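If you count the sequence shown from 1, position 123 lands on 806 in this note's numbering, and the numbers rise without skipping. The block underneath contains the structure these notes are about, expressed in structure tokens.
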Amino acid sequence: MKLQYQKESFIAKEYWGTAFARFFPVMFAQRCPVCLEAGIFKNYFELREACPVCHSQFERDKGSAILSAAISYFAVMVIGLLIAIPMILTYGFFEGITFVLVGIILALIFLLHRPVKGLYIWTMWCFGFVYPDR
Ligand SMILES: [Zn+2]
684 MKLQYQKESF IAKEYWGTAF ARFFPVMFAQ RCPVCLEAGI FKNYFELREA
734 CPVCHSQFER DKGSAILSAA ISYFAVMVIG LLIAIPMILT YGFFEGITFV
784 LVGIILALIF LLHRPVKGLY IWTMWCFGFV YPDR
């Protein structure tokens, strides 16, 4: 299904439905928030400069990616604690717990990278920073 392009995207009441409808495809399938037709990644870790279909730039201001690093750090810490606390309460401080926890943290960083970038691009799109250039 092809959705209409939006010239300007911003959080105004009439766009809430569209913003909500695009939240899941952008966050979990990492589709372009403007056209939903192309992926936002060129490989597992790197974002594309722009969408190959609708030519929307994903990162207009390079330094703004620090926001996704902050979201990622927060999400990894919260989920890491939600795993670590029951594990410590159940098994205690067993030998090798450091390696298990570091492994869990590294796995979370790896698994959350793409959804967090998707969330970041979706947020930028909601505030009008991701739009077609031509
Ligand atoms: Zn696109």
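Yeah, the Cβ is synthetic: ideal placement off N, Cα and C, and Gly gets one too. Computed from a predicted structure; not experimentally measured.
Where residue i sits in the DSSP three-state scheme
i, result
"alanine 733", "strand"
"glycine 722", "strand"
Contact test: residue i Cβ vs ligand 1 heavy atom, cutoff 7 Å
i, result
"cysteine 715", "yes"
"cysteine 737", "yes"
"cysteine 809", "no"
"glutamate 742", "no"
"alanine 721", "yes"
Residue i, enclosing alpha helix (DSSP H) - first and last residue
i, result
"valine 709", "699 to 711"
Inter-residue Cα distance where the pair is residue i and residue j
i, j, result
"isoleucine 792", "isoleucine 771", "21 Å"
Exercise. What are the start and end residues of each continuous beta strand (DSSP E) run of 3 or more residues lying completely inside the region 772 to 815, in chain order?
Worked result: none
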